[in-house]
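Visitor: Here the protein sequences come in this chain order: A and B.
Numbering (our numbering) for the first sequence: 1 to 169.
Numbering (our numbering) for the second sequence: 1 to 169.
I have a structure I would like to understand better, so I am pasting it below and will then ask my questions one at a time.
There are 2 protein chains.
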Amino acid sequence: MGVPLNELLAGNQHYAEGFTQGELALPPASKVAAVVCMDARIDPLPALGLHLGDAHVIRNAGGRVTDDALRSLAISERLLGTDAVLVIHHTDCGMLTFSNEQIREKIHAELGDTAYQVAEHTDFLPFGDLAQSVRDDVAAVKASPLIPNTIAVYGLIYDVHTGKLSQVE
Amino acid sequence: MGVPLNELLAGNQHYAEGFTQGELALPPASKVAAVVCMDARIDPLPALGLHLGDAHVIRNAGGRVTDDALRSLAISERLLGTDAVLVIHHTDCGMLTFSNEQIREKIHAELGDTAYQVAEHTDFLPFGDLAQSVRDDVAAVKASPLIPNTIAVYGLIYDVHTGKLSQVE
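What follows is the structure, encoded as structure tokens:
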């Protein structure tokens, strides 16, 4: 791999030597749970002016509100007291650049028939319109029976070139 | 909510004013994709000695290797060139403290019958043994037809009290 495991563990050793936040409470201090794309160019906590211990961070390809994200949000809210959800997608997202058919064909070509059989039944959740994808995912949170309407839900777009968040109405 | 949206946006305004990393490449520089628990006390990038632009970060309740995490990993590897997966669970995890039955009953009591009907068919993926949960999820990555055996997969436990990572064999 690009960075070998022993280098990552050495980086962690350095981090642990300077670590002073060992007594943080389990429930997030800000009561926020953020659903964010996995993109490498986003570090959600500092981008929201938050710190270690402040927020649950749920991330996947696209920052999509999947059943698994709803599972995580339900645990966050019912067991750990969060009461606001941020859905954060971003500019220049890889999810804007392919279709289900394209990634399935790529998987078929690179990984073979068995992988293709799984890929055929997988929705990779790409999208064509960034603001609309945020609106769709905000709507998916609000529509879930697992998320009561006492939970505030906001949609945001993060600009990877400026670090700036803007709200999607 | 604990921290209102305008305060988060003000925090972001401050972040954006100091933002200097606007020209990072889309593919993660370290070629690492990390599957990590959503816990508020973990900030995966600095904990791995990594920086903005270095790694895909996939997070959910428990850091479990769900179908959605595998969707994200497949996109990360096929389209953006990552070739190593880290599965990172952690000490003092909320997932060690409840059963499916308990959270379903809590959802029933707090949110009613419709929510319960969804919860009944949701596996919230709690676990009773931390190291075993890491091994199980490493095995789930390796078992997926979407993840070829050219991908390195490592399991780790993060200690929220010391900031230290240790490998699970």
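The beta carbon of each residue, even a glycine, is placed where N, CA and C say it ideally should be.
From D129(B) to T162(A), what distance separates their C-alpha atoms?
Guide: Along the second sequence, one-based indexing puts residue 129(B) at 129. Along the first sequence, one-based indexing puts residue 162(A) at 162. When rounded, the distance between both Cα atoms is 42 Å.
Visitor: Along the chain, where does the beta strand (DSSP E) that runs through S166(B) open and close?
Guide: On the second sequence, residue 166(B) is found 166 positions in, with the first residue counted as 1. Unbroken beta strand (DSSP E) run through S166(B): L165 to V168.
Visitor: Is any beta-carbon of chain A found at less than 8 Å from that of F19(B)?
Guide: Counting from 1 along the second sequence, the entry for residue 19(B) is found at position 19. Chain A, which has a Cβ nearer than 8 Å to the Cβ of F19(B), makes this yes.
Visitor: Distance check for D113(B) and F19(A), CA to CA, integer angstroms please.
Guide: Start at 1 with the first residue of the first sequence, and residue 19(A) comes out as number 19. Start at 1 with the first residue of the second sequence, and residue 113(B) comes out as number 113. If you take the alpha carbons of F19(A) and D113(B), they lie about 45 Å apart.
Visitor: Where does N100(A) fall in DSSP's three states?
Guide: What you label residue 100(A) is simply residue 100 of the first sequence in a count that begins at 1. Three-state result, N100(A): helix.
Visitor: For the stretch 31 to 39 of chain B and the stretch 1 to 18 of chain B, state whether three or more C-beta atom pairs, one from each stretch, are separated by less than 8 Å.
Guide: no
Visitor: Quick one: Cα of Y154(A) to Cα of H51(A), how far?
Guide: Position 154 of the first sequence, counted from the start, is the residue given in the question as residue 154(A). Position 51 of the first sequence, counted from the start, is the residue given in the question as residue 51(A). Going from the Cα of Y154(A) to the Cα of H51(A) covers about 20 Å.
Visitor: Is R64(B) closer than 8 Å to L125(B) when the C-beta atoms are compared?
Guide: Walking along the second sequence from the start, residue 125(B) turns up at place 125. Walking along the second sequence from the start, residue 64(B) turns up at place 64. Contact: yes.
Visitor: Within the 8 Å Cβ cut-off, does R104(B) reach chain A?
Guide: For the purposes of this step, residue 104(B) is identified with residue 104 of the second sequence, where counting begins at 1. It does not; no Cβ of chain A falls within 8 Å.
Visitor: Return the chain-ordered list of same chain residues with a C-beta closer than 6 Å to the C-beta of L80(A), the five sequence neighbours on each side being excluded.
Guide: On the first sequence, residue 80(A) is found 80 positions in, with the first residue counted as 1. Only P27 meet the Cβ criterion.
Visitor: Taking Cβ positions, are V57(A) and V141(A) nearer each other than 8 Å?
Guide: In the first sequence, counting from the first residue as 1, residue 57(A) sits at position 57. In the first sequence, counting from the first residue as 1, residue 141(A) sits at position 141. It is not a contact, given that the beta carbons lie outside the stated cut-off.
Visitor: Identify the contact partners of N100(B) in chain A, using a Cβ-Cβ distance below 8 Å as the criterion.
Guide: Position 100 of the second sequence, counted from the start, is the residue given in the question as residue 100(B). Here the premise fails: no neighbours, minimum Cβ distance about 11 Å.
Visitor: In the DSSP assignment, find the unbroken beta strand (DSSP E) run with L24(B) in it and report its ends.
Guide: Reading the second sequence from its first residue, position 24 is the one you call residue 24(B). Premise fails: L24(B) is in no beta strand (DSSP E) and is neither H nor E.
Visitor: If you draw a straight line from the alpha carbon of P44(B) to that of I107(B), how long is it in whole angstroms?
Guide: Walking along the second sequence from the start, residue 44(B) turns up at place 44. Walking along the second sequence from the start, residue 107(B) turns up at place 107. Cα to Cα, the separation comes out at about 30 Å.
Visitor: For the stretch 30 to 99 of chain A, list the beta strand (DSSP E) runs that are entirely contained and at least 3 residues long, ordered along the chain.
Guide: 32 to 37, 55 to 60 and 84 to 90
Visitor: Reducing DSSP to helix, strand and coil, say where G128(B) ends up.
Guide: Translated into the one-based positions of the second sequence, residue 128(B) becomes position 128. Three-state result, G128(B): coil.
Visitor: Go through its chain and collect everything with a Cβ distance to S76(B)'s Cβ below 6 Å, but skip five positions before and after it.
Guide: The residue given as residue 76(B) occupies position 76 in the second sequence. Same-chain partners within the cutoff: A33, H56 and T82.
Visitor: Quick one: what's got a C-beta closer than 7 Å to S99(A)'s C-beta in the same chain, skipping five residues either side?
Guide: If you number the first sequence from 1, residue 99(A) lands on position 99. Taken in chain order, the residues that qualify are P126.
Visitor: Am I right that V118(B) and H89(B) are in contact with their C-beta atoms under 8 Å? What's the rounded C-beta distance?
Guide: If you number the second sequence from 1, residue 118(B) lands on position 118. If you number the second sequence from 1, residue 89(B) lands on position 89. Not quite, the Cβ-Cβ distance comes to about 26 Å (not below 8 Å), so this is no contact.
Visitor: Is any beta-carbon of chain A found at less than 8 Å from that of H90(B)?
Guide: Walking along the second sequence from the start, residue 90(B) turns up at place 90. Output row for H90(B): interface = no.
Visitor: Going along chain B in order, which residues have a C-beta closer than 9 Å to the C-beta of K142(A)?
Guide: Start at 1 with the first residue of the first sequence, and residue 142(A) comes out as number 142. Those do not exist, as K142(A) stays about 13 Å from chain B at its closest Cβ, beyond 9 Å.
Visitor: Bridge partners for I157(B) per DSSP, in chain order?
Guide: Position 157 of the second sequence, counted from the first residue, corresponds to residue 157(B). DSSP, once it has assigned bridges, lists H89(B) and S166(B) as partnering I157(B).
Visitor: Within the 8 Å Cβ cut-off, does H108(A) reach chain B?
Guide: Counting from one through the first sequence, the residue named residue 108(A) turns up at place 108. Chain B, which has no Cβ nearer than 8 Å to the Cβ of H108(A), makes this no.
Visitor: So, are the CB atoms of N60(A) and M38(A) less than 8 Å apart?
Guide: Residue numbering aside, residue 60(A) sits at position 60 when the first sequence is read from its first letter. Residue numbering aside, residue 38(A) sits at position 38 when the first sequence is read from its first letter. The answer is yes: Cβ separation under 8 Å.
Visitor: Under 8 Å between C-beta atoms, does A131(A) make it to chain B?
Guide: As a first step, residue 131(A) must be located in the first sequence, where it is residue number 131. For A131(A), the answer is no, since every Cβ of chain B falls outside 8 Å of its Cβ.
Visitor: Taking its Cβ as the centre, do 16 or more other Cβ atoms sit within 10 Å of P176(A), making it buried, or is it exposed?
Guide: Because chain A in this structure spans residues 1 to 169, residue 176(A) falls outside the shown range and cannot be described.
Visitor: Is the Cβ-Cβ distance between I157(A) and A131(A) less than 8 Å?
Guide: Stepping through the first sequence from its first residue, residue 157(A) is reached at position 157. Stepping through the first sequence from its first residue, residue 131(A) is reached at position 131. Yes, they are a contact pair.
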